[in-house]
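Note sheet for the following structure.
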Amino acid sequence: MDHRKIQQMKNEIQFICNDREITTAVHPATTVLDFLRKSMRLTGTKEGCREGDCGACTVLVGELNNEIILYKPVNSCLLPLASLHGKHLVTIEGINQIELNPLQHAFVDEGASQCGFCTPGFLVSLTGYFLTNDIYSAEEAINSLDGNICRCTGYASIKRSVEKVTNEIKLNKNYSTLEKFVELKVLPGYFLTIPERLAAIKLLINQHASGVFISGGTDLFVQQWEKLLSSDVQFLQRDASTPTIRIEGESCFIDSQTTISEIKSSGILQKYFPQLENYFQYFGSLPIRNRATAGGNIINASPIGDMTNFLLALNAQLHLKEKDKGRVVPLKNFYTGYKQLDKKENEILDSVSFNLPQNIFHFNFEKVSKRTFLDIASVNTSIYLEEENLTIKEIHLSAGGVAPCPLYLFKTREFLLGKTISPQLVKESAEIIQTEISPISDARGSAEYKRLLLRQLFFAHFIKLFPKIISLEEVV
Amino acid sequence: MKNYDTTRHVRGESLFADDFLVPEGTLFASVFAASIAHGKILSIDISEAEKFSGVKKIITSKDIPGQNQIGGIIQDEPLLAENEVHYCGQPVAVVLAENLLIAREAKKKIRIAYETLAPITDAREAYAKGMLIIPPRIFSNGNVDEAWKQCDVVVDGTIETGAQEHLYLETQGAIAFPTEGNGIKIISSTQGPTATQRAVGKVLGLPMHQVEVDVMRLGGGFGGKEDQANAWAAMAAVSAFVTKKPVKLILPRQEDMRMTGKRHPYSADFKIGLSQDGKILAYEITFFQNAGASADLSTPILDRTLFHATNSYFVPNVKATGLCCRTNLPPNTAFRGFGGPQAMFAMEAAIYKAAKKMGVDASVIQEKNLLKEGDEFHYGQLAKNSKAQACWFKAKEKFNFDQIKKNVEKYNAENKILKKGFACMPICFGISFTNTFMNQAGALVHIYSDGSVGISTAAVEMGQGVNEKIRCVAAEIFSIDKSKIKIETTNTTRVANTSPSAASSAADLNGKATELACKYLFERLVSFVKDAFNYSTTDPIAFRDENIFCNEKAIGLTWVELIQKAFFKRVDLSAHAHYAVPGIYFDREKNKGNAFAYYSFGTAITEVTVDCLRGTYIVDSVKAVHDFGKSFAKVIDRGQAEGAIMQGIGWMTMEEVIYNSDGKLLTDALSTYKVPDIHSAPKEIEIHFLENSDNPLGIFNSKAIGEPPLMYGIGTFFALQNAMKSFRPEKEFQFSAPLTPEKVLLSLYY
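Those protein sequence lines, which keep their order, are chains H and F.
Per my numbering, residue 116 is the first one in the first sequence, and the count goes up by one each step.
Per my numbering, residue 264 is the first one in the second sequence, and the count goes up by one each step.
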C-alpha cells in the first residue's frame, strides 16, 4: 500500500458534527466515541461498555438520500470514523437548545433520569425514533430503546416519559419532516441547513485490495479496536447502483453489505416470511442492527449468529469474489471448524442468495437467551419445511450454539425426508439431533442445558407449525 | 416536584470523573492484574514494558511511600500484590503512559511468574478448611432446641443465592493531582470521600489534611463504590505522588468487572418449626458468606444478614449463625441491601418449604406471622411503629389478591405451555448503619451576599436524588426558590469525617444536618430582622416566598434585600451543623440493642408467566404498598422503589456471575453478564404510598428509600416457582437463585 495514498484518504474524512464541518486526519479506524470525547471534547456521549451493549454512547448518523436525510441511531463505540464521511453526526450536544426540548422535558418531569450517565444515550435513541418514523406509538418508541441500558430507574419512569411525549407529538399530524421538528423545538434550527451542507461534501471511493476488511464492524470493534488502530483497514462499501435485496429469476439475492435493519424491514423478504420482523427483533439492538450486516454475520462465523442460522435453513449460497474471479459456495459447507471458513484471504463475500420457495412451505425461527432481547443466543434454530399431506418433501434445519460453528443438521434432514409428520417422528428425530451436536459449557449455559434446549426448540418448531398434530404432552 | 439536577443530565452536561478536562502532561494509568486466583509471585519483570515508547513509569508495591494497605475494617488488603496473589484480577502494577493506548499496550509486556496454589471459590469449602475471616457470629433469642419439641411441623433445607455485579454505568475511576507541599487532590467516583481520603493518606504516609477528596457525582454506585472506589483513588494518588504529574485512572468495563467484588454469594442451611395453625415457633439458620479474598465490608454485611434473618416476621425462638468465609474471589462488597436480601430470601424459602409440606399457600403463613406493634426482634429491639400488617392488608385489598389467585388458577387450567404464578413479598428493613458511630453527618451552608445559597454536606449524589432532597430542605426553611440553591461537590475540606452515602441513610443524615444548619441561619436572620426593624423578641417573623413577614404582614423586605442588609451589618451568613442519630446503640458482645433508628415496611405482589416449553418467562406485574413515611419527593422516591425492584428482579433472574473452578470470571462483559433491559422490566409496576405514616427520625417525616424495595424482587423467584409448580406439581424445586431460563428448563425436565 502506497503510504501517501493512505495519508490522502485519511485527510479526506469530511463530515458534519452537530453544527460544525469537520475535516480530520486521524486514523480512519478511530472510534467515533473516542473522537468525540477526546478530539472534540464533547463528553455528553458516554463510554459505558465499549461493546455496543449499553447504549450510553449512542449517536445519530444522518445520510443524504435524494435530498432527504435519514437518521439512524448507532453505537459510537463500534463506529469507525471513516464511516462518517459525507454524513451528519448528531450527539446530545447537537440536540440541545436554550430550553429543554419536549423529550428532555418529559424525562425531567417523570424522573426518567437518576444518575444521568445513560440519559444522553436514551435521549439520542428516542430522538432517532421520532426522526425515522412517520407514525408514533409508545410501544414502538419503547422498542427503539432496546439498545439502551439503565441501571437506576427500572425503566418505569422512562416508559412513562416516552408515553407522554409520544402522545404530545402524536397530536401534531404530519410532523415528520425536519421543518416540523424544528418548529416543535425537538431539533435546533441548524438541522435545516444540513442537507445542503452535506451535498457539498464529495463522496469518496476508497478502493484498495488488502488490509483488514471491515463491514459493519459491530463485532470487530468489540474484539480488536486497539489492533485496528495500527492496521491498514478497508471499509467495505456497498454498490449503490443495485438494490441490496433483489429477486433475480428464481433466486433472492442479498448483498453482503445489507444491514440487519434492512433485512428485517424488507418488503420482498416479508412477503415470504411474514414473521421476519419478529425473528430479527432478537438480533442485537436497533443501533447494532443499523450497522451489522448479513455478510459480517456470515464471515464472523460465530456459532450462534442469528442471520447465519436463518440463512442456513434457506439452504443459502454464498457468492465470493476476488478481483474478477467469483465462485459459489453453499453456506452449509462454508464452515470447516471454529472460525474456520472455506474462504481465501483476499476473497470478499459479495452476496448471499437462496432459491425462492416455489411450493407452499413452513418456516420458523426460535431463539432462547438468558435475556430475551439484546443477548446472544444460548441456542437458536430455524426450520424450512415443505410437505404434502404431512409427508415431508423438503426440509432444512439449522442449529446455533451447539457446535464450533453454525450448524446445518444434515443427518436429521436425511432422516426426516419423505416421512410423515407425527409425534413419534418428532421424538425420534430429536434423538438424531443429539448425535449431530457437540455443545460446550460456557457463560451462555451448560452443555446439558443446550442439548435440552435445542430439543425443546425443535419441538417448538413443530408445535408452532403443526399445532393440531403435535402437542407438548405428546413429545416430552 | 422535579429533580433540578436532571435538567443537566438530559443535556449531557453533567460531569462525571472521566469527563473532567485534565491538564497538559497528565499521565494515563492502566492496571496490571493477577491472571490466577491464588499463588506466590516468584518474579515481576517490568523491564520490557518500561522500555515501551511513551511509558513514563510503572508502579509496583515497592513504589508505595506509605503502607501498602487499604483494608478499611480489617487490615488485610494490600493495594498492590507483593508476595502472593489471592484472586484473579488482583492489582499488581500500574502502568503510566502519555496516553491510554500506550499504557494498555505496554501492560501486555509485563512478565510475572507464579507458583500456583490451589484456589478456593466456594464458601462451604473455605469453612471446612478453617478459612474464616472472623469467628462465627451468632444472634439468638429464646431457645430453639427446646422449641422444636413444641412444633407440629419442622422442615429444613438449603438455599443458594448468587453474586451480583453492580454494573454502575460509570465505571470506577479517579484523577489525582499533586498539590503544593507534598499534598494530593483526588477527584474520585466514591460513595465514601472520607474513607477514600483515609486510604490515600495511609498509602502515601500523609496526614489526612494533606489529602483532599472531591466528588462531583457518581454514574451509579449501588454499594460498589462504598469501599471499592478507594483502591483506584489510591493507585492514582501513588502514581501522581511518585511522578509529580496528574494521573487519570478510569477502569475499562471489563477490567472493572474482573477486578471488583460483587454482592456476596450465600449458601445457607435453614430449619423452621411451626404450629399446626401456621405460627412460626422456631427458626435456625447458618449462613455461609463468600467474602472473597479480603474482608472489605463483609463483616458488617454479615451482621445485617443476621439482623434481617426473620425478615418481616415475629419468631420467638431464633438462632442465626453467620460464617464469614475467605475465598479466592475478588473481595465481595456492599450492594444495595447489604446482606439483608440474602437473609430474607432464606426466610421466604423456609416458609415456602413449610407451606408445601402443610399443603397451604405460603401467603397464609406469611400473613399469620407478620410483625405486630411491639414485637421483639431476636437482637432485642422492639418493632415500633410497625407497618408490616398495614402494608400487607392494604396490598391484598388494593390489588385484589384473591382475584389474582383465581385468575392464575383459571389461566393455568386453560393453558398447557404457558403457566402463570404469583407471590407476596413482605419486607422489613432496618434504617441506620449497624455500626452506631457512623450515624452522623455534617452540613456547611453559605448564604452569599446576593442571596444565593451554597450547601456542602457529606452526601454523595449518585442518582438517588439526595442533592434534590437537601435542596428541598433549604428551600423549605428559607422559603426561597430552588434555583437560588446550589448543592456543592462533596469535598473533604468542606465537610470532614463523613460517613459514606450508604445504608439508605444519606438523605436522612445529611438532610437533618442541613436542616440544623439552615435553622441556625434562620434564627440568626430572624434576630437581625427584629433588631434592624425594632420588633420585639416575641413578634413572630416568617419567611415566605422570598419575602419577610412579621405578624403575618409583609414588611416590605425581600430575601435578597434581607441578606444584603445582614451582610452589611456583619451578620455571619455561614453555618455548619452536625447531626447524630439519637437513641441507637448495639452491644457487639451480646449482640443485643437498638441497632436501628426505625424500620421500613412494605408488601409487594408479583405475577409472572413462564413458558414451560422453552424455560423463558416474563414478569407481568409487581404491585407494592410501601411505607415511605411522609414522602416529600414523590418522583424521586417512586423512582428509587421502581429501580430497586428491577435490580432485585435482575438478581433473582438473569444476573448470573459465573467463576470457573480456577476462580476466573467468565461473565466479565455486558455480552455475557445480562442486566435487565427495557423489555425485561415488569409489564406493569405500581407503587402505592402507604397512607397515614410518619417518621420523626426522617427528614420532614419521610423514610429512607434506597435499599428496602430491592427485596420485593425476591417475590419474582417464588412467583416463578409457583408457575413452575402448575406444570410439574410433583416436583421439589431447589431454592437456588438466580432462577435463569437454564435453571427453569432443567428443573422442569430433569
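Heads up, the beta-carbon is just placed ideally off N, CA and C, and yes, glycines get one too.
All of these numbers come straight from a predicted model, not from anything done at the bench.
Contacts with chain F (Cβ-Cβ distance below 8 angstroms) from the segment 559-591 of chain H involve R559, G560, S561, E563, Y564, L567, L568, Q571, L572, F574, A575, I578, S586, L587, E588, V591, listed in chain order. Residue nearest to Q473(H) within the set T451(H), E501(H), F480(H) is E501(H) (criterion: CA-CA distance).
I950(F) carries a strand assignment under DSSP once its states are collapsed to helix, strand and coil. The alpha carbon of Y523(H) has as its nearest neighbour, out of G452(H), L540(H), Q212(H), I578(H), the alpha carbon of G452(H). Straight-line spacing of the CA atoms in K657(F) and Y1013(F) works out to 40 angstroms. A direct Cα-to-Cα measurement between D559(F) and I336(F) gives close to 7 angstroms. Interface residue (Cβ-Cβ distance to chain F less than 8 angstroms): L532(H) is not classified as such. Chain F has no Cβ within less than 8 angstroms of the Cβ of V205(H). By the rule that beta-carbons nearer than 8 angstroms mark a contact, N495(H) does not touch chain F. In the DSSP assignment, L973(F) falls outside any beta strand (DSSP E), carrying neither H nor E. Per DSSP, R135(H) is one residue of the beta strand (DSSP E) stretching across 135-139. Chain-order list of chain H residues neighbouring V898(F): D224, E225, G226, S272, by C-beta distance under 9 angstroms. In this structure A617(F) is in contact with V418(F), their Cβ atoms being roughly 5 angstroms apart against a cut-off of 8 angstroms. Residue pairing from DSSP leaves I309(F) without any beta-bridge partner. T869(F) sits in a strand when the DSSP states are folded into three classes. In this structure, the straight-line span from the alpha carbon of A545(F) to that of C691(F) is close to 19 angstroms.
Residue-level contact check: Q549(H) does not touch chain F, since none of the beta carbons of chain F fall below 8 angstroms from its beta carbon. Distances from the CA of E278(H) to each of N258(H), R266(H), C265(H), H200(H) were compared; the closest alpha carbon is that of N258(H).
Here F283(F) is exposed. Its C-beta has fewer than 16 other C-beta atoms within 10 Å. Under DSSP, Y523(H) takes part in a beta bridge, and its partners are S513(H). DSSP assignment within the segment 492-531 of chain F yields the following whole alpha helix (DSSP H) runs of 4 residues or more, N-terminal first: 493-506, 516-522. Between A721(F) and G705(F), the C-beta spacing is below 8 angstroms. Minimum Cα-Cα distance from G304(H) among the listed residues A314(H), R312(H), L293(H) corresponds to L293(H). Under the Cβ distance rule, F692(F) does not count among the residues neighbouring chain H, no pair being separated by less than 8 angstroms. Using a CB distance cut-off of 8 angstroms, P235(H) counts as an interface residue toward chain F. Close CB contacts of A858(F) within its chain, under the 7 angstroms cut and outside five residues either way in sequence, are with F570, Y642, Q644, G693, S695, T697, I847, F849 (chain order).
According to the DSSP secondary-structure assignment, L928(F) is paired through a beta bridge with Y922(F). Contacts with chain H (Cβ-Cβ distance below 7 angstroms) from the segment 929-957 of chain F involve L929, T930, A932, L933, S934, T935, K937, V938, D940, I941, H942, S943, A944, I948, listed in chain order. When secondary structure is reduced to three states using DSSP, G484(F) falls in the coil class, being assigned neither helix nor strand. S1010(F) is outside the set of residues whose beta carbon lies under 8 angstroms from a beta carbon in chain H.
Contact with chain F is absent for C132(H), since none of that chain's Cβ atoms lies less than 8 angstroms from the residue's Cβ. Pairing S719(F) with V348(F), the inter-Cα distance amounts to about 40 angstroms.
Non-local C-beta neighbours of F232(H) in its own chain, meaning closer than 8 angstroms and more than five positions away in sequence, comprise K161, G163, A171, ordered along the chain.
Per DSSP, the beta-bridge partners of N580(F) are A545(F). Taking 8 angstroms as the cut-off, the beta carbon of L467(F) is found no closer than this to the beta carbon of I449(F). The beta-carbon of P1004(F) is placed less than 8 angstroms from the nearest beta-carbon of chain H.
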